[in-house]
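Data first, discussion second: the structure below is written as structure tokens.
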Amino acid sequence: MLKKFFSKQARKPSGFFGRFITLKVFEKGNAGLNRRMLELVSASGGDRILEIGFGGGGTIYEMACALDTGSVEGIDFSDAMLKAARRKNREHIAAGTVTLLQGDFDSAHYPPCVFDTVCTANTIYFWPDRKHTASRIHEVLKPGGRLVLAYVDRSKMDNMPLDMEVFTPISRDEVRVLLEEAGFREVRFHPCADPSRAEYCVEAFK
1 MLKKFFSKQA RKPSGFFGRF ITLKVFEKGN AGLNRRMLEL VSASGGDRIL
51 EIGFGGGGTI YEMACALDTG SVEGIDFSDA MLKAARRKNR EHIAAGTVTL
101 LQGDFDSAHY PPCVFDTVCT ANTIYFWPDR KHTASRIHEV LKPGGRLVLA
151 YVDRSKMDNM PLDMEVFTPI SRDEVRVLLE EAGFREVRFH PCADPSRAEY
201 CVEAFK
């Protein structure tokens with residue numbers, strides 16, 4: 001029962017627990033993975049960036065601070081995370097640098113070829129139709145744009161206390177095939193600092 005509850009909170013934080021407890025757990029547990037993702041995104045200048053599943057908005061904030069004329073957009077289907085991220089980014093939102101939406105990326109309206117970079121951390125396990133989501137990401141990227149996808153590999157997740165009706169783990173080989181079939185090229189895997197955690201940031205280019 002508890003395993004299912006915590007797994008559902010990981011997928012879509014909600015209520016008081018999501019806004020305060022889940023958020024703190026995410027910020028601590030995902031710190032290394034998010035740091036590596038930020039390094040690879042390397043936001044600068046006039047970049048236009050989209051983050052799918054922005055959680056508490058910490059990575060949105062860091063990317064926005066690094067921009068001059070660019071912008072960061074984010075979409076997350078959790079109302080609890082939207083509220084937290086808006087608090088974190090209120091100055092950037094007021095300045096027009098950050099735009100945050102509550103919704104599902106798969107059905108949200110984004111024009112094709114608008115983003116230089118799309119990034120996402122720890123969301124791929126929850127994509128109901130991975131092929132569709134990967135294709136949508138490819139579609140909204142500009143030619144030459146990049147996806148930076150951070151995740152924990154199946155080799156680690158299969159042994160974690162998670163409800164596998166909520167999580168669908170994925171392996172390196174499966175990630176590579178998924179992205180290449182969606183049209184991405186030069187799929188590169190970058191291990192994070194602690195190899196025992198089996199955490200990777202994947203770069204793929206349109």
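Under the numbering used here, the first residue of the sequence shown carries the number 1, and numbering increases by one thereafter. Think of the CB as a built atom: it goes at the ideal place given N, C-alpha and C, for glycine as much as any other residue.
Could you tell me the boundaries of the beta strand (DSSP E) in which residue i lies?
{"i": "Ser71", "result": "71-76"}
{"i": "Val148", "result": "141-152"}
{"i": "Ile49", "result": "48-52"}
{"i": "Ala204", "result": "199-205"}
Check for me: the alpha helix (DSSP H) holding residue i runs from which residue to which?
{"i": "Arg175", "result": "Correcting the residue type first, residue 175 is Val in the shown sequence and not Arg. Start and end: 172-181."}
{"i": "Leu82", "result": "79-88"}
{"i": "Cys192", "result": "Careful: Cys192 lies outside any alpha helix (DSSP H) and carries neither H nor E."}
{"i": "Ala64", "result": "58-65"}
{"i": "Gly32", "result": "31-41"}
Comparing alpha-carbon positions, which option in the options lies nearest residue i?
{"i": "Arg136", "options": "Leu33, Lys156, Phe115", "result": "Phe115"}
{"i": "Gly183", "options": "Pro169, Arg197, Arg172, Lys206", "result": "Lys206"}
{"i": "Pro128", "options": "Phe167, Val152, Leu101, Lys142", "result": "Phe167"}
{"i": "Cys113", "options": "Arg36, Leu141, Gln102", "result": "Leu141"}
{"i": "Arg154", "options": "Ala85, Glu139, Asp173", "result": "Asp173"}
{"i": "Glu186", "options": "Asn159, Val148, Glu199, Pro169", "result": "Val148"}
{"i": "Leu40", "options": "Arg197, Tyr110, Arg188", "result": "Arg188"}
{"i": "Ser71", "options": "Glu62, Glu203, Ala108", "result": "Glu62"}
{"i": "Asp158", "options": "Arg197, Ala108, Ala66", "result": "Arg197"}
{"i": "Gln102", "options": "Tyr151, His190, Gly57, Arg176", "result": "Gly57"}
{"i": "Glu203", "options": "Cys65, His138, Lys83", "result": "His138"}
{"i": "Tyr200", "options": "Tyr151, Leu178, Val177, Lys156", "result": "Tyr151"}
{"i": "Leu67", "options": "Ser171, Ser42, Gly74", "result": "Ser42"}
{"i": "Ala108", "options": "Ile75, Asp79, Arg87, Pro143", "result": "Ile75"}
Pull up the CB-CB distance for residue i and residue j, whole angstroms please, since I reckon it's below 8 Å.
{"i": "Phe105", "j": "Ile52", "result": "5 Å"}
{"i": "Met225", "j": "Gly55", "result": "Because residue 225 is not part of the residues shown, which for the chain are 1 to 206, the question remains open."}
{"i": "Gly96", "j": "Thr69", "result": "So it is not a contact: roughly 11 Å between Cβ atoms."}
{"i": "Thr117", "j": "Ile49", "result": "5 Å"}
{"i": "Ala85", "j": "Leu100", "result": "6 Å"}
{"i": "Leu178", "j": "Arg146", "result": "About 16 Å; that fails the 8 Å criterion."}
Inter-stretch contact (C-beta, 8 Å, three-pair minimum) for the stretch 116-130 and the stretch 89-99: Counting Cβ pairs under 8 Å, fewer than three are found: no touch.
Complete alpha helix (DSSP H) runs within the stretch 83-138 (minimum length 4 residues, chain order): Every alpha helix (DSSP H) of 4 residues or more that sits fully in the stretch 83-138 is shown, in chain order, as 90-95.
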